[in-house]
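Peer 1: Got a structure for you, questions after.
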Amino acid sequence: MEKKIEPILEYSRSSKARCRICKKPIAKGEIRLGIPYVFKKKNEEITAYGWYHLSCALEKQPETVLEALKNSQGLEKASIDKIRAELISKGIIQRDDIILKVNKISPAIERANIHVNISHVFPARPDLLIPEITVRPLYCYDDSGMIKVVLMNNWIKQISNVEIGDSLLIKKGKVFNPYDNIVEIRCDDETDIELLKL
Ligand SMILES: [Zn+2]
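Numbering that gives the first Met the number 0 puts the first residue of the sequence shown at 0, with every later residue one more than the last.
Right under this line is the structure:
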């Protein structure tokens, strides 16, 4: 089976690698982007990484930085926030995109609370109170408090492997009914939401 190899972001483990853009060394501990490539040694396929300064990569290929941000682990929150801010300033992440850390996950399909949830999410659509409608609320925290993300039907599948601690990138989610500290976000389409493994 072919394993998908993704770009990564990490703290440089040594100061040996040179940036493929500016050719200067990358200091140990500095954040670096690694872009994988495969080469053949005898009959064996070997995966290696070409390394880039974060600043150089943000300048030349910010989309790859976002791709790596989705897959990388081990970066501190302060580092992730800084990279996000850079990606927002470059328009790679839209300003109204919402990134949320998952804090609590409801059972995959929550039927008991359907009416409650629907009434919050679609106050003007009582016709959606049909048995086929299933919801999966996720509870997340952002800087302003708790956020409830309500995912419905197909979108549940989209993030079926979501775990506590993962982050969600919500592209066009709409914020509904702010009440107390809880805000609900409705996603209109499965492409509105992406799971980020941070
Ligand atoms: Zn560089």
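Positions of the beta carbon are idealized from the N, C-alpha and C atoms, including for glycine.
Strictly by DSSP, which residues pair up with Val-37?
Peer 2: Answer is Thr-46.
Peer 1: Give the secondary structure of Ser-13 by DSSP, where H, G and I count as helix, E and B as strand, and everything else as coil.
Peer 2: Correct three-state label for Ser-13: coil.
Peer 1: Flag this pair as yes or no: are the beta carbons of Thr-46 and Ile-4 separated by less than 8 Å?
Peer 2: Cβ atoms of Thr-46 and Ile-4: closer than 8 Å.
Peer 1: I'd like to confirm the pairing. Which residues does DSSP put opposite Ile-30 in its beta bridges?
Peer 2: Its beta-bridge partners are Tyr-10.
Peer 1: Quick one: measure Cβ to Cβ for Pro-24 and Ser-14, integer angstroms, because I've assumed they're closer than 8 Å.
Peer 2: Contact holds; Cβ gap of about 6 Å.
Peer 1: I'd like to know whether the C-beta atoms of Ala-77 and Leu-8 end up nearer to each other than 8 Å.
Peer 2: For Ala-77 and Leu-8, no; Cβs fall outside 8 Å.
Peer 1: Any idea what DSSP makes of Ser-54, helix, strand or coil?
Peer 2: Reduced to three states, the DSSP call for Ser-54 is helix.
Peer 1: Let's test the definition: count the other Cβ atoms within 10 Å of the Cβ of Ile-163 and tell me whether it reaches 16, buried, or not, exposed.
Peer 2: Looking at its Cβ environment, which holds fewer than 16 other Cβ atoms inside 10 Å, Ile-163 is exposed.
Peer 1: Assuming Ile-34 and Thr-63 form a contact by the criterion Cβ under 8 Å, report the distance between their Cβ atoms to the nearest whole angstrom.
Peer 2: Rounded, the Cβ-Cβ distance is 6 Å, consistent with contact.
Peer 1: Could you check which residue in Glu-75, Leu-74 and Leu-65 has the C-alpha nearest to that of Lys-89?
Peer 2: The residue with the shortest Cα to Cα distance from Lys-89 is Leu-65.
Peer 1: At the level of alpha carbons, what is the spacing between Leu-32 and Ser-166?
Peer 2: Computed Cα separation, rounded: 20 Å.
Peer 1: Are there 16 or more other CB atoms within 10 angstroms of the CB of Tyr-51, so buried, or fewer, so exposed?
Peer 2: Its Cβ being crowded by 16 or more others within 10 Å, Tyr-51 is buried.
Peer 1: Return the residue from the list Tyr-48, Gly-28, Lys-27 and Glu-29 that minimises the CA-CA distance to Val-37.
Peer 2: Looking at the Cα atoms, Tyr-48 is the closest of the given residues.
Peer 1: With a threshold of 7 Å (Cβ to nearest heavy atom), would Lys-41 be considered close to ligand 1?
Peer 2: Outside the cutoff, so no.
Peer 1: Could you tell me whether the Cβ atoms of Val-59 and Ile-20 are closer together than 8 Å?
Peer 2: It should be pointed out that residue 59 corresponds to Lys in this sequence rather than to Val. Yes, these two residues count as a Cβ contact at 8 Å.
Peer 1: Could you check the C-alpha separation between Pro-61 and Lys-22 for me, to the nearest Å?
Peer 2: Near 18 Å, if we compare the C-alpha coordinates of Lys-22 and Pro-61.
Peer 1: How far does the alpha helix (DSSP H) with Leu-86 in it reach, from first residue to last?
Peer 2: Element bounds for Leu-86: 76-88.
Peer 1: Buried or exposed: where does Ala-26 fall if 16 or more other Cβ atoms within 10 Å of its Cβ makes it buried?
Peer 2: With fewer than 16 other Cβ atoms within 10 Å, it is exposed.
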